Amino acid sequence: MVKDLIIYDEAKQVFHLTNGHISYLLAVEEGKTLASLYFGKAVKAYHGQGKYPRVDRGFSGNLPGSLDRTYSKDTLPREYSSAGEMDYHEPATIVRQLDGSNALNLEFVDYKIQAGKPALEGLPAAYVENDDEAQTLTVVLKDQLTGLVYNLLYTIYRDVDIIARSVKVENQGQKEVYLEKVASMQLDFVAKDFDTISLPGAHVNERHPDRKPVAYGRQVFESRRGTSSHQMNPFLALVGKDTNDFNGEAYGFNFVYSGNHAISVEKDQLDQTRILVGINDYNFSWKLAPNETFQAPEVLLTYSDQGLNKMSHAFHEIIRERVVRSEFKHAKRPILVNNWEATYFDFDEEKLMPIVDEAKQLGIEMFVLDDGWFGHRNDDNSSLGDWKIFAEKFPHGLGHFADYVHAQGLKFGLWFEPEMISYDSDLYRQHPEYLMQVPGRAPSPSRNQYLLDLSNPEVVDNIYHQVADILENNGIDYVKWDMNRSISDIYSVALPADQQGEVYHRYVLGYYRLMERLIQKFPHVLFEGCSGGGGRFDAGVAYYMPQIWTSDNTDAVARLTIQYGTSLAYPTSMMTGHVSAIPNHQTGRQTLFETRGAAAMSTVFGYELDLTKLTDAEKALVKDQIKEYNQVRDLVVNGDFYRLKSPLTSNQAAWNFVSKDQNEVFVASFNILTAAQPVFTKTKLYGLDPNKNYQNVATKEVFGGDELMEIGLFDPVIHQDFTAQTYHFKVVD
Ligand code: GLA
Numbered sequence: 052m053v054k055d056l057i058i059y060d061e062a063k064q065v066f067h068l069t070n071g072h073i074s075y076l077l078a079v080e081e082g083k084t085l086a087s088l089y090f091g092k093a094v095k096a097y098h099g100q101g102k103y104p105r106v107d108r109g110f111s112g113n114l115p116g117s118l119d120r121t122y123s124k125d126t127l128p129r130e131y132s133s134a135g136e137m138d139y140h141e142p143a144t145i146v147r148q149l150d151g152s153n154a155l156n157l158e159f160v161d162y163k164i165q166a167g168k169p170a171l172e173g174l175p176a177a178y179v180e181n182d183d184e185a186q187t188l189t190v191v192l193k194d195q196l197t198g199l200v201y202n203l204l205y206t207i208y209r210d211v212d213i214i215a216r217s218v219k220v221e222n223q224g225q226k227e228v229y230l231e232k233v234a235s236m237q238l239d240f241v242a243k244d245f246d247t248i249s250l251p252g253a254h255v256n257e258r259h260p261d262r263k264p265v266a267y268g269r270q271v272f273e274s275r276r277g278t279s280s281h282q283m284n285p286f287l288a289l290v291g292k293d294t295n296d297f298n299g300e301a302y303g304f305n306f307v308y309s310g311n312h313a314i315s316v317e318k319d320q321l322d323q324t325r326i327l328v329g330i331n332d333y334n335f336s337w338k339l340a341p342n343e344t345f346q347a348p349e350v351l352l353t354y355s356d357q358g359l360n361k362m363s364h365a366f367h368e369i370i371r372e373r374v375v376r377s378e379f380k381h382a383k384r385p386i387l388v389n390n391w392e393a394t395y396f397d398f399d400e401e402k403l404m405p406i407v408d409e410a411k412q413l414g415i416e417m418f419v420l421d422d423g424w425f426g427h428r429n430d431d432n433s434s435l436g437d438w439k440i441f442a443e444k445f446p447h448g449l450g451h452f453a454d455y456v457h458a459q460g461l462k463f464g465l466w467f468e469p470e471m472i473s474y475d476s477d478l479y480r481q482h483p484e485y486l487m488q489v490p491g492r493a494p495s496p497s498r499n500q501y502l503l504d505l506s507n508p509e510v511v512d513n514i515y516h517q518v519a520d521i522l523e524n525n526g527i528d529y530v531k532w533d534m535n536r537s538i539s540d541i542y543s544v545a546l547p548a549d550q551q552g553e554v555y556h557r558y559v560l561g562y563y564r565l566m567e568r569l570i571q572k573f574p575h576v577l578f579e580g581c582s583g584g585g586g587r588f589d590a591g592v593a594y595y596m597p598q599i600w601t602s603d604n605t606d607a608v609a610r611l612t613i614q615y616g617t618s619l620a621y622p623t624s625m626m627t628g629h630v631s632a633i634p635n636h637q638t639g640r641q642t643l644f645e646t647r648g649a650a651a652m653s654t655v656f657g658y659e660l661d662l663t664k665l666t667d668a669e670k671a672l673v674k675d676q677i678k679e680y681n682q683v684r685d686l687v688v689n690g691d692f693y694r695l696k697s698p699l700t701s702n703q704a705a706w707n708f709v710s711k712d713q714n715e716v717f718v719a720s721f722n723i724l725t726a727a728q729p730v731f732t733k734t735k736l737y738g739l740d741p742n743k744n745y746q747n748v749a750t751k752e753v754f755g756g757d758e759l760m761e762i763g764l765f766d767p768v769i770h771q772d773f774t775a776q777t778y779h780f781k782v783v784d
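Numbering (the working numbering), first residue to last: 52 to 784.
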């Protein structure tokens, strides 16, 4: 193997990971301490000029036993720190030992460079299809006293500007220890004036980009909800003051994990910035016996010198191409109609059939039966855990209804919420111990439902068999996998007292195991993730399910910000969007059918309304939309996506999708509020070939790629709120 992506300079003890676009440099410093040297635009070679200057600084002490007052771990930019060192920042790892101490001294002992990228046991992660795509450096750090070994993994990809980092801890000592914190990565930057861009939100209001200067002290972007959460997505960007979508420096960090996370950013006395990304240490403690290992999840890192679009592009590529495994990753995802906002719980077979008939007439490709088909569920107070057909609604069985849907030429999809249990369920009556609760305390309901203890393999097994049975026997083509509450009452009857700190993470591992079994058994079923919309929208889920319901908010205007924000970290192939009824059920807003179409068409497309109630004019619009989506759906799933205008900073939003060969472009642009005296605005495209000519498919007008990018298109002046334009261009000679 040519180890061309990772070079080790043995004399200087410097590792250089580079693919010609980005460089990542780390070095072994005094005291066998691993130091951060550089991460950024590629340099061809490193000649040693980044060596840490020696300065005697008060109150930043020195290595144990050393007389050198000019070297301190407190000011050295480092790759992985621990509690108990003279480094006063938040450490990457904390380990409680049997004598009550928590100090470690992690020294460099070894390294390995290998072709490809190893899989992470039990965890989602980016992968390679062949070993030439990437190389992996493992740096081995050891604490001699405890025998704990930390393997720091760094994979650099050849054709996408991504470095994947993770950590595997091995107990090579004689005694058990308790891991109280294991960050998946640390990176220390010498003085830089950064802003953070995070993705906070709420239910029906996910992933609204929030930009703030990095200030002195520590700020933590985290979830303690047991999931990646609506409230704070496991993504962060560190950007320069002038960085925007097109220009400037951006470092992106995307945590491939679906549970409690913490991204900590700390600016210190020397204006240095430390970023830590990993499992949240809140209520975390993992017992590691001798010879056991603990694998921390992976973080995907990228660097862009051309603004946020380039940062996002790297995440879009790696997630779509090398995190998603589904056979649907490049495929046409069926245009669906979902009955949730059409009927809620109030349906039966008779009522659904006309919707299916109408769907067929309109060219829709799949009918999705949402919540309420199982147990005796007529509202959200019962039956979770009982994945048996509700005979009152489906007197001839679900298979009979599925046959009807298939006979119309449509695929058939089904909703599940496999991680939950209702008090009013046979499962609870038979297995009350499956419900997660702290002994002696009443658990907290949320939507009147409770968590199953997925940290318990027996529970995972039970649910696997129930779900598999339904999938096997009812001709199911698609599953919407929901999760409608945050985790609480964290405790497992299957674990001893000193391992209760493992439950949050073991829950996530149980969820991953359950998903893995189901996707292996049903590779031809398309899975869509969901958690009250986008409450678990992360790259970990993408490893199992290629698409996720972006938000329960189907309002086209609200969706602009949600989709804009989501696109910072995730590809549009992962987002789903539906045209729904007006007044919108979440906001009460009235928008044009065309505007709802343009917003939803910017994602994996579908409908969520009662098709039988549409007017003839609206039905004609549905047909037009499906025709239009058919023209551009491949671009939306597989093209390069670029944000053009932000709804956060203007009255407009716009983006375009460009085919890989730059021969085709789909543009959607939105004007939010009208004005009596509107200023003229333009939409300038991005990512086209300046030397090619592009023809507007609808109007036949031809423009140069350079014209579309530099001069742009005037936005029409329309005296109406919430308008949208879509354009489809194809290259002509
Ligand atoms: C969640 C989902 C919705 C719908 C309901 C059903 O809120 O996000 O799309 O499936 O559950 O209860």
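The beta-carbon is built from N, C-alpha and C at its ideal position, and this holds for glycine as well. Just so it is clear, the structure is predicted and the values come from calculations on it, not from any experiment.
According to the Cβ coordinates, are residue 140 and residue 325 closer than 8 angstroms?
-> Yes, these two residues count as a Cβ contact at 8 angstroms.
Identify every run of the alpha helix (DSSP H) within the region 547 to 593, keeping only runs that are complete inside it and at least 4 residues long; order them along the chain.
-> The qualifying runs are 554 to 572 and 590 to 593.
In terms of residue numbering, what span does the alpha helix (DSSP H) encompassing residue 373 cover?
-> 358 to 373 is the span of the alpha helix (DSSP H), which, as asked, contains residue 373.
In chain order, what residues of the same chain lie with their CB nearer than 7 angstroms to the CB of residue 299, ignoring the 5 residues before and after it?
-> For residue 299, where only same-chain residues beyond five positions count, the Cβ hits under 7 angstroms are 290, 291, 293 and 358.
Element boundaries [alpha helix (DSSP H), containing residue 391] = Taken as a continuous stretch (DSSP letters only), the alpha helix (DSSP H) holding residue 391 covers 391 to 394.
Using the DSSP secondary-structure output, state which residues sit across from residue 133 in a beta bridge.
-> Residue 133 is bridged to 144.
Taking the alpha-carbon positions, what's the residue 483 to residue 491 distance?
-> Answer to the nearest angstrom: the Cα atoms are 13 angstroms apart.
Minimum C-alpha distance to residue 442 - residue among 456, 425, 435 and 430 | The shortest C-alpha to C-alpha distance from residue 442 to any of 456, 425, 435 and 430 is the one to 425.
For residue 489, count neighbouring C-beta atoms within 10 Å of its own C-beta (all shown protein chains included) and say buried if the count is 16 or more, exposed if not.
-> Flag for residue 489 reads exposed.
Could you spell out where the beta strand (DSSP E) holding residue 341 opens and where it closes?
-> From DSSP, residue 341 is part of no beta strand (DSSP E); its letter is neither H nor E.
Secondary structure of residue 670, DSSP reduced to three states = Judged by DSSP in its simplified three-state form, residue 670 adopts helix.
Measure from the alpha carbon of residue 514 to the alpha carbon of each residue in 409, 540, 93 and 567, then state which is nearest.
-> That would be 567, whose Cα lies nearest to the Cα of residue 514.
Three or more C-beta pairs closer than 8 angstroms, one from the region 177 to 188 and one from the region 253 to 266: is that the case here?
-> Output reads no: the region 253 to 266 does not touch the region 177 to 188.
Per DSSP, cross-strand counterpart(s) of residue 532 = Per DSSP, 467 and 580.
Would you decide whether residue 816 is buried or exposed? Buried here means 16 or more other CB atoms lie within 10 Å of its CB.
-> Outside the displayed range of the chain (52 to 784) lies residue 816, so it cannot be described from this structure.
Rounded to a whole number of angstroms, what is the C-alpha to C-alpha distance between residue 148 and residue 155?
-> One C-alpha to the other measures close to 10 angstroms.
Residue 516 versus 355, 145, 647 and 572, residue with shortest Cα-Cα distance | Residue 516 has its Cα closest to that of 572, out of 355, 145, 647 and 572.
Would you say residue 295 touches the ligand GLA, meaning its beta carbon is less than 7 angstroms from a heavy atom?
-> Relative to the ligand GLA, even the nearest heavy atom lies 7 angstroms or more away from the CB of residue 295.
Apart from the five residues on each side of it in sequence, which residues of its chain come closer than 6 angstroms, Cβ to Cβ, to residue 772?
-> For residue 772, where only same-chain residues beyond five positions count, the Cβ hits under 6 angstroms are 724 and 725.
Confirm the yes/no value for this check: CB of residue 464, any heavy atom of the ligand GLA, distance under 7 angstroms.
-> No; taking the cut-off as 7 angstroms, the Cβ of residue 464 has no heavy atom of the ligand GLA nearer than that.
What span of residues does the alpha helix (DSSP H) with residue 203 cover, start to end?
-> No alpha helix (DSSP H) contains residue 203, which is instead part of the beta strand (DSSP E) from 199 to 208.
Can you tell which of 427, 465, 543 and 378 has its C-alpha closest to the C-alpha of residue 597?
-> For the set 427, 465, 543 and 378, the Cα lying nearest the Cα of residue 597 is the one of 378.
In chain order, which beta strand (DSSP E) runs of at least 3 residues are fully inside the region 605 to 682?
-> DSSP runs (the beta strand (DSSP E)) wholly in the region 605 to 682: 626 to 631 and 655 to 659.
Beta-carbon contacts of residue 165 that lie in its chain and below 6 angstroms, excluding the five residues immediately before and after | Answer for residue 165: 187, listed in chain order.
Grab me the residues of residue 138's own chain with a C-beta within less than 6 angstroms of its C-beta, minus the 5 sequence neighbours each way, in chain order.
-> The residues are 124, 125 and 132.
Please classify residue 151: is it buried, with 16 or more other beta-carbons within 10 angstroms of its beta-carbon, or exposed?
-> So residue 151 counts as exposed.
Going by Cα to Cα distance, which pick from 414, 427 and 386 is closest to residue 399?
-> When only C-alpha atoms are compared, the closest one is 427.
Does at least one heavy atom of the ligand GLA sit under 7 angstroms from the Cβ of residue 438?
-> No - the ligand GLA has no heavy atom lying nearer than 7 angstroms to the Cβ of residue 438.
Assumed close pair residue 352, residue 213 - CB separation to whole angstroms, cut-off 8 angstroms | Sure, about 7 angstroms apart at Cβ, within 8 angstroms.
Between the Cα of residue 417 and the Cα atoms of 374, 530, 430 and 317, which residue gives the shortest distance?
-> The residue with the shortest Cα to Cα distance from residue 417 is 530.
Beta strand (DSSP E) runs contained entirely in the region 412 to 463, provided each spans 3 or more residues = DSSP runs (the beta strand (DSSP E)) wholly in the region 412 to 463: 417 to 420.
Give me the Cβ distance between residue 619 and residue 286, rounded to the nearest whole Å; I'm assuming they're in contact under 8 angstroms.
-> Residue 619 to residue 286, Cβ: 7 angstroms. Contact.
Residue interval of the alpha helix (DSSP H) (run including residue 704) | From DSSP, residue 704 is part of no alpha helix (DSSP H) but of the beta strand (DSSP E) over 703 to 709.
Local Cβ density within 10 Å of residue 303, reported as buried at 16 or more and exposed below that | Buried: at least 16 other Cβ atoms inside 10 Å.
Does the region 473 to 480 come close enough to the region 448 to 463 that 3 or more CB-CB pairs lie under 8 angstroms?
-> Because the criterion of three Cβ pairs below 8 angstroms is not met, the region 448 to 463 and the region 473 to 480 do not touch.
C-alpha gap between residue 159 and residue 335, whole angstroms = One C-alpha to the other measures close to 26 angstroms.
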